[in-house]
Amino acid sequence: MSQSVNAANDRVNGLLLTLENDIHFSLISATRPTIAGTKRYGIPVDASAIQKVEIIESTTNPDNVLRVLESYPFPNESWLNHQSVSHSSFNSNGVPTHFLLRQKEINLYPTPDSVETMRIWFDQRYAQLASDTDIPAA
Numbered sequence: 001m002s003q004s005v006n007a008a009n010d011r012v013n014g015l016l017l018t019l020e021n022d023i024h025f026s027l028i029s030a031t032r033p034t035i036a037g038t039k040r041y042g043i044p045v046d047a048s049a050i051q052k053v054e055i056i057e058s059t060t061n062p063d064n065v066l067r068v069l070e071s072y073p074f075p076n077e078s079w080l081n082h083q084s085v086s087h088s089s090f091n092s093n094g095v096p097t098h099f100l101l102r103q104k105e106i107n108l109y110p111t112p113d114s115v116e117t118m119r120i121w122f123d124q125r126y127a128q129l130a131s132d133t134d135i136p137a138a
């Protein structure tokens, strides 16, 4: 591959990264069921940033949003320890009202006590251009 193609791919890759971080034009969603007694759920592998988590009626009726979960701020370990002691939702089961992004996981609080459908809205990461025949695509 020529040096000019490499330079062009690097430039396009940089522009795509800027678009991912600043504009959120690649906002899509994925659904997955919650599991009673399970707090942690992996984020979609192509997610660059989670924008919203909500509980919907079902995948057959996705327009009926039952509730939008509030996001806890990104914690440090002392914050997490304080929350575990001071807030019962960190140690209980029930209807999730909050989520916390931690590494590559979404943690739901309180831990779900039933099966529901969770929809995750996220900015999709674009595949890096590597060869002279690649085109930008999500």
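Take the sequence shown: its position 47, counting from 1, is numbered 47 in the numbering used here, and each next residue is one higher. Ideal Cβ positions, reconstructed from N, Cα and C, are used throughout, including at glycine.
DSSP puts residue i in a beta bridge; with which residues?
| i | result |
| --- | --- |
| GLN111 | With the sequence shown as reference, residue 111 is identified as Thr, and Gln is not the correct amino acid for it. DSSP output for THR111 lists ASN93 as bridge partner(s). |
| ASP123 | LEU27, ALA49 |
| GLY42 | GLU105 |
| SER58 | ASN61 |
| VAL68 | GLU54 |
| ARG32 | MET118 |
Of the residues the options, which one's Cα is nearest the Cα of residue i?
| i | options | result |
| --- | --- | --- |
| PRO46 | SER4, TRP121, THR133 | Note that residue 46 is Asp in the sequence shown here, rather than Pro. Ranking SER4, TRP121, THR133 by Cα distance to ASP46 puts TRP121 first. |
| GLU116 | ASP123, ASP10, VAL68, SER92 | VAL68 |
| VAL53 | ALA36, SER4, SER131, TYR72 | TYR72 |
| SER175 | ARG125, THR133, ARG32 | Here the chain covers residues 1 to 138 and nothing more, so residue 175 does not appear. |
| GLY94 | GLN103, THR133, THR111 | THR111 |
| SER114 | ILE55, THR60, THR34, PRO62 | THR34 |
| ILE28 | ASP123, GLU105, ILE55 | ASP123 |
| THR31 | ILE106, ASN64, THR59 | THR59 |
| TYR109 | ALA36, ALA7, ALA8 | ALA36 |
| ASP63 | SER2, ASN6, SER131, ARG119 | ARG119 |
| GLU70 | GLN51, ASN61, ASN6 | GLN51 |
Consult DSSP for residue i and reduce its assignment to one of helix, strand or coil.
| i | result |
| --- | --- |
| SER4 | helix |
Any 3 or more C-beta pairs closer than 8 Å across the segment 32-49 and the segment 91-111 | Yes, the segment 32-49 touches the segment 91-111.
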